[in-house]
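First the structure, in the form of structure tokens, and then the observations on it.
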């Protein structure tokens with residue numbers, strides 16, 4: 002049961018990584034420093050105050066960069082692989098020792114990295130639509146939604162992980178259908 006709960010927390014945190022790479026890591030570091038959360042073996046570095054400060058600084062820089070038109074689109078090229086890595090790490094950090102190391106890393110990569118990647122790709126698509134329709138001036142709305150989503154998912158992943166996991170699965174299905182519909186519209190020639 003602990004393994005499933007850890008994976009559910011990992012899904013919520015990795016989805017948050019898909020919105021903002023550093024927010025969930027900062028939330029984990031703060032929770033660890035406050036004694037609310039005990040990371041898996043090998044991730045004790047999250048409890049270092051210097052790591053928390055570095056993650057806080059990185060979070061502020063990431064948030065600020067997404068509010069600059071066109072820089073946000075450029076940042077997505079870096080953030081997409083970074084989100085997959087962060088999603089994998091966050092899932093790994095909440096996984097219990099009940100599985101073998103190989104199974105734990107495989108689950109973290111598939112569940113955590115995959116979830117973060119899908120969420121990140123949906124935000125890239127949303128920002129692309131916003132950039133195309135507003136010339137990038139409306140991207141602050143997308144950036145604000147992503148920031149709020151990342152903060153809420155990071156907090157709620159610890160409070161109600163199963164509910165968040167179900168919500169993330171629904172979000173991924175909706176995002177996949179939306180992206181598929183947009184691609185179909187682009188592939189269909191205008192008459």
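In our numbering, the protein residues as written are 2 to 192. Even for Gly, the Cβ is constructed at its ideal location relative to N, Cα and C.
{"Asked": "Between residue 27 and residue 60, is the Cβ-Cβ spacing less than 8 Å?", "Found": "yes"}
{"Asked": "Count the other CB atoms, across all protein chains shown, that sit within 10 Å of the CB of residue 49; report buried if there are 16 or more and exposed otherwise.", "Found": "exposed"}
{"Asked": "Check whether the segment 89-99 touches the segment 37-48, counting contact only when three or more Cβ pairs, one atom from each stretch, lie closer than 8 Å.", "Found": "yes"}
{"Asked": "Is residue 47 closer than 8 Å to residue 30 when the C-beta atoms are compared?", "Found": "yes"}
{"Asked": "Let's test the definition: count the other Cβ atoms within 10 Å of the Cβ of residue 142 and tell me whether it reaches 16, buried, or not, exposed.", "Found": "exposed"}
{"Asked": "Short of 7 Å in beta carbon distance, which residues of its chain neighbour residue 121, apart from the five on each side in sequence? Order them along the chain.", "Found": "19, 80, 81 and 84"}
{"Asked": "Can you tell me the Cα-Cα spacing of residue 157 and residue 123, whole angstroms?", "Found": "21 Å"}
{"Asked": "With respect to the alpha helix (DSSP H) encompassing residue 44, which residues constitute its N-terminal and C-terminal limits?", "Found": "It is not in any alpha helix (DSSP H) - residue 44 carries neither H nor E in the DSSP assignment."}
{"Asked": "Can you check which of these residues, 67, 88, 185 and 62, is closest to residue 119 by C-alpha distance?", "Found": "88"}
{"Asked": "Report buried or exposed for residue 116, applying the criterion of at least 16 other Cβ atoms within 10 angstroms of its Cβ.", "Found": "buried"}
{"Asked": "Using the Cβ count rule (16 or more neighbours within 10 Å means buried), how would you classify residue 147?", "Found": "buried"}
{"Asked": "Within this structure, are the beta carbons of residue 12 and residue 155 separated by less than 8 Å?", "Found": "no"}
{"Asked": "Could you give the DSSP three-state label for residue 138: helix, strand or coil?", "Found": "coil"}
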